[in-house]
Structures are given as C-alpha cells and as structure tokens.
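Here's the structure we're looking at; comments come further down.
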Amino acid sequence: MKIEIENEQAKIFTPYNNGFINKIKNIGKARWNSQDKCWTIPVDMIEPAREIMRDVYGCADNDVVEKIKVRVRTLKRLEELRVPVELMGKVLSIAYGRDSGASPGEDVAYVSGQCRSGGSVKNWHSEVDEGSVIILNNVSKTLYERYLENPSEELEVELIEPKKNKEELIRGKEQLLARLEVIEKELKGKK
C-alpha cells in the first residue's frame, strides 16, 4: 500500500478489497483513477483515508506492523452475493458473474479446495469450497488479533509460526551482542 501526492491530490494504491472501496467512496471527491489503478482524494483527506486503510487492512501506508502467515480451513461453503469473499483484508474468492469462474486475491494460495463462481445470471456468487485449506500471506497481525476476538464458526484459523534457521538465529545473536557492547560503552562514558 502506498500514497503518492500529485497536484494537491493523493493517489491511494491498495490491494482490491470491497470493504475499502465502499468506505473510500465516503470521502468527498474520492474518484477511481482507471489509468493509474488507484483512488484519488484531496490531499487534506489523507488521514481519514489512512483510518479506512487501518480498519480494512489492519495498517496504513505509513504504519510499521507485524505481518504474519495464517492457515484457514473452511468448515462449510462460503459465498457472497455479487461481491468477493474476504477475510482479514484478503480476497479469498472474486467472481464477476455466474459463469466467470473465480480467482483468489493477492497473498492468497489454495492448498486444497478452490474458489469458484455460482448462483444465477443476475444473482451470481463468489464462492469458496467447503473443506478448502487456504494460506494467507502478509496478514496484519492487528487484523488477525481482531478476528480472534470474534471468530467465525465457519472457519478454522491458525497462525503459521515462522521457522527460523540456525544461521538467522546466530546472526541475530551477534547483532544483539554488538548492540549491547555499544550500549555498555555509552554507559561507561556517561559516568
């Protein structure tokens, strides 16, 4: 995600998310820029836009947040009428019509099961098969924690702990020891 300023307009680049679209439209003069594939708003509306980003994605363009990896298993078929199926700021399934098929969004990978389209011509659905196992990458830890406060009975969600190899741990230890040495020298010099 990023925001660029150009001619008193802020260009907002985010992954596709229906919730974000619905909320950003509530900012006066918000417009979709199809050429640059971004939303534009008046520059003085950046902070309200960042609040929307935090609400939908768990962070804004200028936030430093921990990103995690999550495994999701669907306990029943998920479907949304004429909009994507979304979870923790990620698009699990997006269809554009009954016969269009569907695809996952950015940072989403199906290990088993699949996303699909369904319903009728006028009332089409974005769907996720029951029993699908899906990996969500780069999830804001804030959104994961928010989800845990009110989990869905339709999903099993678990954090995938990152595996650290021995070399990374040794490098980290060396960096910490070097930093401690600098701190010790600074403390001795301030007596």
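Mapping to my numbering: the sequence shown position 124 is 124, numbers consecutive.
Ideal Cβ placement from N, Cα and C applies to all residues, glycine included.
Predicted model only: the values in this text are computed from it and were never measured.
Integer-rounded CB distance, given that Ile-160 should sit under 8 Å from Lys-69: By 1-based counting over the sequence shown, the position of residue 69 is 69. By 1-based counting over the sequence shown, the position of residue 160 is 160. Indeed, because the Cβ distance is near 4 Å, the residues count as touching under 8 Å.
Evaluate Arg-31 with the Cβ neighbour count: other Cβ atoms within 10 Å of its Cβ, from every protein chain shown; 16 or more gives buried, anything less gives exposed. Residue 31 sits at position 31 when you count from the first residue of the sequence shown. Exposed.
According to DSSP, simplified to helix, strand and coil, what is Tyr-147? As a position in the sequence shown, residue 147 is number 147, starting the count at 1. When DSSP states are grouped into helix, strand and coil, Tyr-147 belongs to the helix group.
Gln-9 - partner residues in DSSP beta bridges: The count along the sequence shown starts at 1 and reaches residue 9 at position 9. Its beta-bridge partners are Glu-6, Pro-42.
Three or more C-beta pairs under 8 Å: does that hold for the region 110-117 against the region 141-154? no
Tell me Ser-140's beta-bridge partners as DSSP assigns them. Numbered from 1 along the sequence shown, position 140 holds the residue referred to as residue 140. Ser-140 pairs with Lys-67.
What are the complete beta strand (DSSP E) segments, minimum 3 residues, inside the region 54-98? 67-74, 78-81, 85-87, 90-95
The region 11-18 in contact with the region 39-48 per 3-pair CB rule at 8 Å: yes
So if DSSP puts Glu-153 in a beta bridge, which residue, or which two residues, is it bridged to? As a first step, residue 153 is located in the sequence shown; it is residue number 153 there, counting from the start. Answer by DSSP bridge pairing: none, since Glu-153 is not bridged.
Val-139 burial status per 10 Å Cβ neighbour count (16 or more: buried): By 1-based counting over the sequence shown, the position of residue 139 is 139. Flag for Val-139 reads buried.
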